[in-house]
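K.L.:
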Amino acid sequence: MLTLGKIDHIHIRVGDVAAALKWYQRVLALTPDTRYKTDGEHNAAMLVNSSGSVRLAIGEDADAVPSSQGAVAFVVGGQDFVEWIDRLAGERVTNREGQSIARDSVRDHRFFCALSFVDPFGNPFEIVSYDHTWLVGKLKLGGQLAV
739 MLTLGKIDHI HIRVGDVAAA LKWYQRVLAL TPDTRYKTDG EHNAAMLVNS
789 SGSVRLAIGE DADAVPSSQG AVAFVVGGQD FVEWIDRLAG ERVTNREGQS
839 IARDSVRDHR FFCALSFVDP FGNPFEIVSY DHTWLVGKLK LGGQLAV
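Note that our numbering has the sequence shown beginning at 739, numbered continuously upward.
#1: Following the continuous alpha helix (DSSP H) through Glu821, name the residue where it begins and the one where it ends.
#2: Using the C-alpha atoms, what's the distance from Val792 back to Ser867?
#3: Applying the 10 Å Cβ sphere with the 16-neighbour rule, what's the burial state of Arg751?
#4: Please determine, among Leu826, Ala852, Pro804, Met784, the residue with the shortest C-alpha to C-alpha distance to Gly797.
#5: Out of Ser854, Thr871, Asn781, which one is the CA nearest neighbour of Phe863?
#6: The beta strand (DSSP E) with His749 in it runs from where to where?
#7: So is Val803 buried or exposed if we call it buried at 16+ other beta carbons inside 10 Å?
#8: If you drop the 5 nearest sequence neighbours on each side, which residues of the same chain put their C-beta closer than 8 Å to that of Ala767?
#9: Given that a residue counts as buried once 16 or more other Cβ atoms are within 10 Å of its Cβ, and exposed if not, what is Ile865?
#10: May I have the straight-line CA-CA distance separating Cys719 from Lys775, to the nearest angstrom?
#11: Is it buried or exposed for Asp746, if we count other Cβ within 10 angstroms and need 16 for buried?
#12: Spatial neighbours of Pro858 within its chain, please: C-beta separation below 6 Å, excluding the five flanking residues on both sides.
#13: Taking the continuous beta strand (DSSP E) assigned at Arg793, which residues delimit it?
What follows is the structure in structure tokens.
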């Protein structure tokens, strides 16, 4: 049977690659993957996390319009989820509505928790954890069920 493997990378379009690289490195701890070289024709860079399990291709497109349909979602464990909330809050990252990320930004989806945010160009992201029971107790979630 024909199947797909894992996702290799996701393309993210931004208005300024240099500014985006700084943000993605500082906020999401992604670094340039040195195996990929810019060929001069495209102003783009491949970013990777420390384990090599996440790769984002950041490309410059002055006319890029952020998606209103979906988001790139990263999955983490419960403790890491809590640490990501604090990291994003400390970096003054916002959600689509322009509100700063905080612990009350977490949405309870009944069997997982999610934290939605955008990069400086409006590209949507989520951090998700399936350590639901632990997170509900740790974050004292209640009444924030997402539909």
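Cβ atoms here follow ideal geometry from the backbone N, Cα and C, with glycine treated the same way.
P.N.:
Based on what the coordinates show:
#1: 816 to 828
#2: 16 Å
#3: buried
#4: Met784
#5: Ser854
#6: 748 to 752
#7: exposed
#8: Asn787, Ser788
#9: buried
#10: With the chain represented from 739 up to 885, any question about residue 719 goes unanswered, as that position is not in the structure.
#11: exposed
#12: Trp761
#13: 793 to 798
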